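Let me begin by presenting the structure, written as structure tokens, before commenting on it.
Number of protein chains: 2
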Amino acid sequence: MFADLTPDELNEALVVIDDLVYQSGCMIYRKGDEGNALFTIRRGLVKLVRELPEGEQRIVRLLKVGDVVGIEVAIGSSYKHTAFTIGETELCRIPASAIEQLDISHPSLARQLMVRWQNSLDDADRALVEFSTGTAEVRVARLLLHLSALSHDATCVDIGRQDMGSMLSITTETASRVMAGFRRRGAVGETGRGAPCRCNLDLLKRIANPD
Amino acid sequence: MFADLTPDELNEALVVIDDLVYQSGCMIYRKGDEGNALFTIRRGLVKLVRELPEGEQRIVRLLKVGDVVGIEVAIGSSYKHTAFTIGETELCRIPASAIEQLDISHPSLARQLMVRWQNSLDDADRALVEFSTGTAEVRVARLLLHLSALSHDATCVDIGRQDMGSMLSITTETASRVMAGFRRRGAVGETGRGAPCRCNLDLLKRIANPD
DNA sequence: CGTAAATTTGAATGGATTCAAACGTGGTGG
DNA sequence: CCACCACGTTTGAATCCATTCAAATTTACG
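If you read the sequences in order, they're chains A and B.
Per this note's numbering, the very first residue in the first sequence carries number 1; after that it's consecutive.
Per this note's numbering, the very first residue in the second sequence carries number 1; after that it's consecutive.
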């Protein structure tokens, strides 16, 4: 993100940037809070959550290593979601003031930010077409494929059934049922508690794209 | 969008900006095409469509007056969706080259673009929470409320059942059934063909937020 | 006026939800 | 160390909602 900065500018930026480690399930910020800082993910996962009118919550986006959390801060907005860590997660905290300063003096940072915005938009659109259409089986398969793509091997982070459900707009019970079916069919390996599960990518792809 | 430009810059920009009128159902651009231009909507509606693996199509976003169509062009990307007009629509065509030029000389345009990106993101998130959760009745009610908010009166653009369905991830038949029910209950007025329908906002709100 | 396309309605089916209970896991305190 | 509780997951059975397939109806357009 800070490519194209001069050494001086970089140093100036770095003094105000903190490196933070959150444990699993921590709230990073709450929707509506004044946006004092944005974050980049160095390790772990972050979920952006929005409350439904009915009181439940829906996961709007899942952010991965390299993604920016709270990018809306860059235009002076308050936070649009509530953000939680999933698994132990390491974040870089970048104060809004630092962004403002650099933004003016350095147009290439502006471009970097635009690229990040577009990436977020792509993720959102993907959620709309892949995670909100098709049967429960199809959605879960697509989510597992998505998660597998984050790791270099075929393991995927063991996400809770509740989180699965609120990402895919299905109940935790159906999420559980579908995963049980996948296990029976060998689409995913036996899930050791909390351990990442091995996925049968070929089989999952076949399930995800019914012809 | 071109606030904060000097008269000279504005003139220079305006010579390359075309004003176009499309009739209903026209394709503005196709997904994957090289992005030579972006557009702003002066009148009408635009739908951004993405093809599902199964061959069907899903409406990812509905753009209204003042929105930017094809904003990804500003970072040199090809089009991420296929764009169609809904109803007769008037667009401003802004060549990518014009954006590039102004982008460098004028940082305030960059900020304007970021705001637009964030707006798109907000719309996408809204689609995820409001148009992809709840029963068919609830989703249709929320869509009608959303459309009503675009007009200043309580009328809302008569969107086809097919488009309704592919916005809400329901079939055209259920969309039709739900609308029939709403008509019976007086949630929407009798729909004169192609004419905008009058909505009973209070009743729709009650349906949209089941307590 | 006649054909094509979109909308509406019906009946049967299937899939997801709901409500409930059982199970396993981890943490706490006796 | 074990009993106990809280919490997430799993499984079951009944219900409900949306889909599917089909046909009738209306609307648009040449």
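Think of the CB as a built atom: it goes at the ideal place given N, C-alpha and C, for glycine as much as any other residue.
Just so we're clear, the structure is a prediction, and the values are computed from it rather than from any experiment.
Original post:
From B:W117 to A:I94, what distance separates their C-alpha atoms?
Top reply: 20 Å
Subject >> Per-residue burial, B:G25 [other beta carbons within 10 Å of its own, 16 or more giving buried] >> reply: In this structure B:G25 is exposed. Its beta-carbon is surrounded by fewer than 16 other beta-carbon atoms within 10 angstroms.
Original post:
Mind checking if A:I75 is an interface residue toward chain B, Cβ cutoff 8 Å exclusive?
Top reply: yes
**OP:** Could you tell me which chain B residues have their CB closer than 7 Å to the CB of A:S120, listed as they occur along the chain?
**Re:** L121
Subject >> Where the stretch 89 to 104 of chain B meets chain A: residues whose CB sits under 8 Å from a CB there >> reply: Of all residues in the stretch 89 to 104 of chain B, D103, I104 have a Cβ within less than 8 Å of some Cβ in chain A.
**OP:** Let me know the secondary structure DSSP gives A:F131 once reduced to three states.
**Re:** coil
Original post:
chain B beta carbons: is any one of them nearer than 8 Å to that of A:R111?
Top reply: Yes, because at least one Cβ of chain B sits closer than 8 Å to the Cβ of A:R111.
Subject >> Residues that DSSP places opposite A:E173 in a beta bridge >> reply: Paired residues: none, contrary to the question.
Original post:
What's the gap between the Cα of A:N36 and the Cα of B:R177?
Top reply: 48 Å
Original post:
How many angstroms separate the CA atom of A:R198 from the CA atom of A:S108?
Top reply: 40 Å
Subject >> B:E88 versus B:R111, B:I28, B:R206, B:V49, residue with shortest Cα-Cα distance >> reply: For the set B:R111, B:I28, B:R206, B:V49, the Cα lying nearest the Cα of B:E88 is the one of B:I28.
Original post:
For A:D67 and chain B, any beta-carbon pair shorter than 8 Å?
Top reply: no
Subject >> Cutoff 6 Å; reference A:Q162; Cβ partners in own chain excluding five residues on either side >> reply: If you ignore the 5 residues before and after A:Q162, its C-beta comes within less than 6 Å of the C-beta of T172, all in its own chain and listed in chain order.
Original post:
Could you check where the alpha helix (DSSP H) with B:I104 kicks off and where it finishes?
Top reply: Segment 96 to 105, the alpha helix (DSSP H) holding B:I104.
Original post:
Would you say B:A127 faces chain A, with C-beta separation under 8 Å as the test?
Top reply: yes
**OP:** Could you tell me if B:T135 is buried or exposed, where buried requires 16 or more neighbouring beta carbons within 10 angstroms of its beta carbon?
**Re:** exposed
**OP:** Please go through the same chain and pick out, in chain order, the residues whose beta-carbon is closer than 6 Å to the beta-carbon of A:K214, but skip the five residues on each side of it.
**Re:** Any answer about residue 214 of chain A is impossible in this case: the structure gives chain A only from 1 up to 211.
Original post:
Which class does A:M27 belong to by DSSP, given the choice of helix, strand or coil?
Top reply: In this structure, A:M27 counts as strand in the three-state DSSP scheme.
Original post:
Would you call B:H146 buried or exposed, if buried means 16 or more other Cβ atoms sit within 10 Å of its Cβ?
Top reply: buried
Original post:
Which two residues bound the contiguous alpha helix (DSSP H) that contains A:V138?
Top reply: Unbroken alpha helix (DSSP H) run through A:V138: 136 to 150.
Original post:
At least one CB of chain A closer than 8 Å to the CB of B:K205: is that the case?
Top reply: no
Original post:
Which residues in chain A sit within 8 Å of B:M114, going by Cβ to Cβ distance?
Top reply: Among the residues of chain A, those whose CB is under 8 Å from the CB of B:M114 are A74, I75, A110, L113, M114, W117, following chain order.
Original post:
What's the C-alpha gap between B:V46 and B:L38?
Top reply: 13 Å
Original post:
Of all the CB atoms in chain B, is at least one closer than 8 Å to the CB of A:S148?
Top reply: no
Subject >> Cβ of A:A124 within 8 Å of any chain B Cβ >> reply: yes
**OP:** Could you run through the stretch 31 to 47 of chain B and flag, in chain order, every residue whose CB is less than 9 Å away from some CB of chain A?
**Re:** Correct list: empty, as no residue qualifies.
Original post:
Would you report the Cα separation of B:T133 and B:N119, rounded to the nearest angstrom?
Top reply: Spanning the two alpha carbons is a distance of roughly 21 Å.
Original post:
Can you give the Cα-Cα distance for B:P210 and B:H106, rounded to whole angstroms?
Top reply: Using only the alpha carbons, I get a separation of about 48 Å.
**OP:** Have a look at A:D19 and A:R30 and give me their C-alpha separation to the nearest angstrom.
**Re:** 20 Å
Original post:
Which chain B residues are close to A:L52, counting only those with a beta carbon under 7 Å from its beta carbon?
Top reply: V129, T133
Subject >> Beta-ladder partner(s) of B:A37, from DSSP >> reply: B:P95
**OP:** On a CA-only basis, which of A:G76, A:F84, A:A74 is nearest A:L63? Give me that one, please.
**Re:** Out of A:G76, A:F84, A:A74, A:F84 has the C-alpha closest to the C-alpha of A:L63.
**OP:** Compare the C-alpha of B:S97 against each of B:G76, B:A127, B:E190 and name the closest.
**Re:** B:G76
Subject >> Contact set for B:T40: own chain, Cβ-Cβ below 6 Å, skip 5 residues either direction >> reply: V68, C92
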